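Take 65 as the starting number for the sequence shown in this note's numbering and just add one per residue.
Each remark here refers to the structure printed beneath this line.
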Amino acid sequence: MVLNDEMGLNLLKKKIYERTGVDCSKYKDNYLKRRIDLRMKAIGIGTSYNEYYRFLEKNHDEYKSLLDGITINVTEFFRDADTFDAFKNMVIPQLLSEKVKRNSKILRIWSAACSIGEEPYTIGIVLHEKLGPGLNNLLASIHATDIDGKALSAAKAGIYDAEALKKISKPKVSKYFDVVDGSDKYRIKDKVKNLVRFQQHDLISGKKFSHFDIIFCRNVLIYFGRELQHTLFLDFYDALNDGGYLIIGKTETMTGEAKDKFTCVNTRERIYKKDSKNPGIS
Ligand SMILES: C[S@@+](CC[C@H](N)C(=O)[O-])C[C@H]1O[C@@H](n2cnc3c(N)ncnc32)[C@H](O)[C@@H]1O
65 MVLNDEMGLN
75 LLKKKIYERT
85 GVDCSKYKDN
95 YLKRRIDLRM
105 KAIGIGTSYN
115 EYYRFLEKNH
125 DEYKSLLDGI
135 TINVTEFFRD
145 ADTFDAFKNM
155 VIPQLLSEKV
165 KRNSKILRIW
175 SAACSIGEEP
185 YTIGIVLHEK
195 LGPGLNNLLA
205 SIHATDIDGK
215 ALSAAKAGIY
225 DAEALKKISK
235 PKVSKYFDVV
245 DGSDKYRIKD
255 KVKNLVRFQQ
265 HDLISGKKFS
275 HFDIIFCRNV
285 LIYFGRELQH
295 TLFLDFYDAL
305 NDGGYLIIGK
315 TETMTGEAKD
325 KFTCVNTRER
335 IYKKDSKNPG
345 IS
């Protein structure tokens with residue numbers, strides 16, 4: 065890439081925002097450049113962002129392909145299995161014992177940047193595994209959001225190929241999936257699906273949510289600049305009930321002002337607790 069092409073990059077960011085409403089200036093520059101370079105290579109454009117910009121203006125569909133390239137959807141069921149073990153054996157019991165004390169039956173979970181649904185459905189499966197019929201005594205819901213409409217459509221369909229289920233034992237596959245007639249695909253069963261509500265939402269510019277007991281936001285913050293990460297950690301703090309948990313990706317680290325507001329309760333699995341009476345040291 066031409067070194068003095070920064071102006072071209074800035075122009076691109078401005079245009080992407082105007083045409084799509086997605087504020088790319090909040091993503092890390094290096095990440096953004098890598099994704100744009102890949103698109104440029106795919107359509108055979110040389111090295112100039114200005115040239116790519118001109119192409120985009122003549123081919124508006126390319127804005128969509130570029131956004132697809134920026135929002136990488138890589139995900140899997142039980143991604144980082146140890147994290148879901150900690151969710152099952154530490155977070156759920158602690159949270160529910162506090163709920164029993166407060167006589168509360170509502171359990172609200174947010175899977176932020178949920179991609180094609182494998183994360184929120186994993187959360188649903190873990191809830192069933194941990195609570196069994198006791199889940200019926202709770203008003204449990206999983207709010208699953210992503211910026212990418214195409215990923216959300218796949219998530220809502222809830223149909224996956226056998227490869228996607230490789231981390232799930234055979235008995236659990238039969239318990240939580242139906243074989244789609246005449247195919248080698250599997251559909252998530254309604255008992256899990258009905259726990260999840262999907263919604264398109266941009267973490268950068270979207271509305272602020274509140275009253276969640278647990279927030280999963282994994283493997284998306286790494287693409288964002290530091291300042292935005294700090295803002296989002298504070299947004300998650302505000303979105304949690306007192307005593308609620310934030311679970312981030314295993315390669316992500318909490319930094320900024322929020323670090324002093326949360327208590328890190330599991331360093332390895334990046335699990336943080338909001339306790340406004342005792343902010344703790346993370
Ligand atoms: C690598 S996937 C992570 C999926 C899942 N959380 C996991 O850990 O397996 C990143 C997701 O972040 C979404 N994403 C990227 N930018 C976003 C934004 N500004 N707001 C909401 N979601 C975003 C992408 O569409 C993609 O589905």
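For every residue, glycine included, the Cβ atom is placed at its ideal position computed from N, Cα and C.
Keep in mind it's a predicted model, so treat the numbers as computed, not measured.
- Assignment of residue 317 by DSSP, reduced to helix, strand and coil, places it in the coil class.
- Comparing alpha-carbon positions, the option among 93, 154, 278 lying closest to residue 69 turns out to be 93.
- In this structure residue 235 is exposed. Its beta-carbon is surrounded by fewer than 16 other beta-carbon atoms within 10 angstroms.
- For residue 336, the beta-bridge partners assigned by DSSP are 310, 328.
- In the DSSP annotation of this structure, residue 112 is not part of any beta strand (DSSP E), being labelled neither H nor E.
- In the structure shown, residue 251 adopts extended strand secondary structure according to DSSP, grouped into three states.
- In the three-state reduction of the DSSP assignment, residue 275 falls in the coil class, being assigned neither a helical nor a strand state.
- Listed as beta-bridge partners of residue 83 by DSSP are no residues whatsoever.
- Just measuring C-alpha positions, the residue of 293, 325, 158 sitting nearest residue 90 is 293.
- Residue 197 and residue 191 have their C-alpha atoms some 10 Å from each other.
- Scanning 284, 223, 232 for the CA closest to the CA of residue 247 turns up 223.
- Membership of residue 288 in any alpha helix (DSSP H) is not indicated, and neither H nor E is assigned to it by DSSP.
- Sequence-distant Cβ neighbours of residue 255 in its own chain, meaning closer than 6 Å and more than five residues away, do not exist here.
- Here the distance from the Cβ of residue 212 to the nearest heavy atom of ligand 1 is below 7 Å.
- Taking all protein chains shown into account, residue 186 has 16 or more neighbouring C-beta atoms within 10 Å of its C-beta and is therefore buried.
- Distance from the C-beta of residue 138 to the nearest heavy atom of ligand 1 is below 7 Å.
- By the beta-carbon neighbour count (other beta carbons within 10 angstroms, threshold 16), residue 184 is buried.
- Taking 3 residues as the shortest admissible run, the segment 182-235 contains the following complete beta strand (DSSP E) segments, listed from N- to C-terminal end: 203-210, 223-225.
- Not one heavy atom of ligand 1 lies closer than 7 Å to the C-beta of residue 294.
- The straight-line gap separating the alpha-carbon atoms of residue 310 and residue 268 is approximately 18 Å.
- Taking non-hydrogen atoms of ligand 1 into account, the C-beta of residue 266 is found less than 7 Å away from one of them.
- Setting aside the 5 residues that flank it on each side, residue 306 is surrounded in the same chain by 338, 339, 340, 341, each with a C-beta closer than 8 Å to its C-beta; the list follows chain order.
- For residue 145, the Cβ stays outside the 7 Å cut-off from all heavy atoms of ligand 1.
- Within the chosen limit of 7 Å, ligand 1 does not reach the beta carbon of residue 88 with any heavy atom.
- In terms of side-chain proximity, the C-beta atom of residue 179 is found nearer than 7 Å to a non-hydrogen atom of ligand 1.
- DSSP places residue 281 within a strand segment (E or B) once states are collapsed to three.
- In the DSSP assignment, residue 242 falls outside any alpha helix (DSSP H) and within the unbroken beta strand (DSSP E) covering 241-243.
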